[in-house]
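According to the numbering used here, the sequence shown is numbered sequentially starting from 94.
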Amino acid sequence: MKNRNEGKTVYPLIPPQEMIQFMLKYSFFHKQVTQIPDSFLFEEKLDFDVLKDAFNIEIERNDCLRLRFFKSKGTIKQYFRDKYTVDNIPVFDFKTEAEQLETLSADAQKPVRIFKDEIFRIIFFKAFDGRYGIYFNVHHLVMDNAACFVFFNDLMAVYDHLKNGCDMPKPLGSYEARIKKELEYISNKENLEKEKAAYTEYITKNGEPTYLGVEGPKFLEAERKKRKNPDIKAPSLFDPIHDKALLNKHVVPPELSQKVFDFMEKNNISGECLVQLAMRMFISKINHENLDTYFISLCSRRRTLPEKRSGGTVTAPLPWRVVLDKDETFMSALDKMSDTQIWAFKHMDYPYLEYRKLQQELFNYPAAAGASTMMFSWLPIDNNTIGKRKYEYVGYGLGRYIMVLYTFAMKDIYSGCLKITYLHRTKYVTEQDIDALHKGTEKVLEMAVNDPEIKIKDILKNL
C-alpha cells in the first residue's frame, strides 16, 4: 500500500476484482463485460426527489459507492473517496415497452468508464405500464450481484425512513474492511499452498475433466481433429474478437415451477443444486451420455451478517465437478451435488486465477482452453429481498461476454415462476442450442420432481 496525493490509503485489487479484470483480456474492444446493469420495478408510486436524497445517504452508508480507480505503472489501484452527493439523476417517463427496453438496454451495453471518475450510472423511471423503477448500472469491480441486491434493499429502506418515518436500517458492513481481510489472507503463502493441494486432489481424483458443451461434442471433436490428438479434453473457445453475446430469458410454466419449489422446500434442496443437476442431465445426453460434468458456479463468499450486509465485489467462481453413475437415482445425484457444494464453500477463498494457473499446470492447457461447460449462478432473491415490497427484478444483456455461456436462475417473484436466463456467445452457441437446453432442463425437472428415485439411466433414456 502507498499514499496517493489525495491523502487516502491506496489498495491493490483483491483476488475477486482481479478475476473480473482478467475478463478484459478476452474482450479486446468491448469493455462492458465487466459491469452489472439491473433494474427493480415497483407498483407503488415513488417520490423521485426523496429517492434522490436516499441515494445520497446511501453513498455515505455503502462505502463501495465511494471507490475510485486509477492506474499506476500499468497496475490498477483503488481508494475510497470522502462522502459526496449526486445533484442530478436522470428521470424517464416511458410510454411504450419497446422504448423502455431500448433505452435501458442501450445504457446496459455502454461501458462504465472507471478511469473517468464513473463507477455507476443510475436512472429513475416511470414504466410504460404505470409502475415505478430504478435502473442501476455498476462496474463489476465495485459490486457483484449480491452487493447489488444489498444496495437496492438498503436504498429502499432509507427511502422508507425519509418518506414514511420508518426506522433507519442498520448500518451496512464495510467493504474496505473486507479488502484488508482479503489482502491479509493472500499475503500468507501457507494459505495458498494448503488450498492448492486441496484443489489438486479435488480436480484430479477422477482424471482430467472433459468439456461437455451445450452445443454437443462438435467443438471438442473439431479441436481433436485440428490438433490430431484424440485425447484432448478441453477446447480453446475464448475468442477475444468475436465476443458478441445474446441474453435469452425463459420462464418455466407455473405448474412445473410450483412443483419445483415444493420439491425444494420438502427435501431441503437448494435451487442451485436442483437446476444445475437438471441441466447436467441434458448436457450429458447430448455428449455421448458422459456423466462427468463440470460447471463453474459463482459464490458470493459472504459468511457473517456484516459481510452479508456489505457491498463490494467478493464473488468467486467455484469448480463444481460431479461424476455420476447411470445406476444411481436422481436423489443420490442431488446428494453428490450437495457434497460438492459444501466442499466448494469450504475452499472458496482460494483465488480463482490461482486455480486457473493450477489447471494449466496439471493438464497442460493452452491459455484460452478450459473444460467447464458454463458459469452458473442461482440468484437468492425472495419476497423479502426489497423489504416487504412486491417487485420485479430485470437484468439486461451486455451485448458482449467472455464465456461461451453464463446461466443464472432464480425464483421470479413477479410471476411466481422459475426463470432461467442464458447469456451466450453467438459464435459458439445458437438460440436453438439454448432452446434445446431449456426444454431438456424442464423435462428433467418434470421427471425428477414426479419421481425423485428415478435412475439416471432412465432420465437419459427419456430425454
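Glycine is no exception: its CB is placed at the ideal position from the N, C-alpha and C atoms.
Predicted model only: the values in this text are computed from it and were never measured.
So, using beta-carbon positions, are residue i and residue j closer together than 8 Å?
| i | j | result |
| --- | --- | --- |
| V307 | V537 | no |
| K274 | R518 | no |
| S470 | N238 | yes |
| E535 | N341 | no |
| T127 | H254 | no |
| F213 | Q193 | no |
| S132 | Y278 | no |
| L472 | M496 | no |
| F208 | F163 | yes |
| S431 | C366 | yes |
| E400 | R271 | yes |
| G404 | F245 | no |
| V251 | I107 | no |
| G480 | M236 | no |
| L427 | I527 | no |
| R154 | D247 | yes |
| K289 | L451 | yes |
| I549 | K352 | no |
Among residues of its own chain, excluding the 5 on either side of residue i, which ones have a beta-carbon nearer than 7 Å to its beta-carbon?
| i | result |
| --- | --- |
| F115 | L446 |
| M94 | Model confidence at M94 stands at a pLDDT of 44, short of 50, so the residue's coordinates are unreliable; what they give is reported in the following sentence. The residues are T102, V103, Y104. |
| I376 | L305, V307, T386, T466 |
| A291 | H440 |
| R224 | L134, F135, E136 |
| M540 | I547, I552, N555 |
| A201 | P130, N230, Y489, G490, L491 |
Determine which residues share a DSSP beta bridge with residue i and list them.
| i | result |
| --- | --- |
| S329 | A462 |
| D186 | K219 |
| N238 | For N238, which the question treats as bridged, DSSP gives no partner whatsoever. |
| N46 | No answer is possible for residue 46: it lies beyond the span of the chain, which begins at 94 and ends at 556. |
| Q214 | As written in the sequence, residue 214 is Arg, which differs from the Gln given in the question. Per DSSP, N230. |
| E485 | L134 |
| L160 | F173 |
| K504 | L511 |
| S470 | F501 |
| S165 | T168 |
| T422 | K548 |
| G490 | Note: G490 sits in no beta bridge, so no partner. |
| Y225 | F135, K219 |
| G300 | K298 |
Between residue i and residue j, which are expected to be in contact by the criterion C-beta below 8 Å, what is the C-beta distance as a whole number of angstroms?
| i | j | result |
| --- | --- | --- |
| K256 | D180 | Between D180 and K256 the Cβ distance is about 20 Å, and since that is not below 8 Å, they are no contact. |
| P109 | A409 | 6 Å |
| E301 | F456 | 5 Å |
| V368 | C510 | That pair is no contact at about 13 Å. |
| L411 | K429 | That pair is no contact at about 15 Å. |
| P130 | Y489 | 4 Å |
| I552 | F423 | 7 Å |
| F242 | T478 | 6 Å |
| L313 | P328 | 5 Å |
| D156 | E269 | 6 Å |
| N360 | T303 | Wrong, their Cβ atoms sit about 30 Å apart, outside the cutoff. |
Taking 8 Å as the limit between beta carbons, can you name the residues of its chain near residue i, skipping five residues before and five after?
| i | result |
| --- | --- |
| D186 | F218, K219 |
| H381 | P310 |
| N96 | The predicted model places N96 with a pLDDT of 46, which falls under 50 and marks its position as unreliable; any figure quoted below should be read in that light. Result list for N96: T102, V103, in chain order. |
| K554 | none |
| E111 | P444, L446 |
| I389 | P410, L411, P412, W413, S465, M467, M468, F469 |
| R395 | A239, K401, S403, V407 |
| I506 | I474, D475, N476, T478, K483, Y484, E485, Y486 |
| E190 | F221, D222 |
For residue i, collect the residues of the same chain with a Cβ closer than 6 Å to its Cβ; drop the 5 residues on either side in sequence, then sort them by chain order.
| i | result |
| --- | --- |
| F356 | V542 |
| P264 | none |
| K184 | The amino acid at residue 184 is misidentified as Lys; the sequence shows Val. Counting only Cβ-Cβ distances below 6 Å, and skipping sequence neighbours, we find F141, F217. |
| K520 | H335 |
| I113 | T127, H233, L234 |
| Y557 | Residue 557 is absent from the model: the chain starts at 94 and stops at 556. |
| I152 | L158 |
Considering only heavy atoms of the ligand HEM, does any lie closer than 7 Å to the CB of residue i?
| i | result |
| --- | --- |
| N383 | Absent from the structure shown: the ligand HEM. Ligands present: none. |
Would you say residue i reaches chain D, if we count a Cβ-Cβ gap shorter than 8 Å as a contact?
| i | result |
| --- | --- |
| A191 | Among the protein chains of the structure shown there is no chain D, as only one such chain exists. |
| message | At 4 residues or longer, what runs of the alpha helix (DSSP H) sit wholly inside the stretch 246-280? | response | Runs found: 268-280.
| task | Go through the stretch 360-420 residue by residue and report every complete run of the alpha helix (DSSP H) that reaches 4 residues or more, in order. | result | Whole alpha helix (DSSP H) segments, 4+ residues: 364-379, 398-401.
| request: For the stretch 124-153, list the beta strand (DSSP E) runs that are entirely contained and at least 3 residues long, ordered along the chain. | output: Runs found: 128-135.
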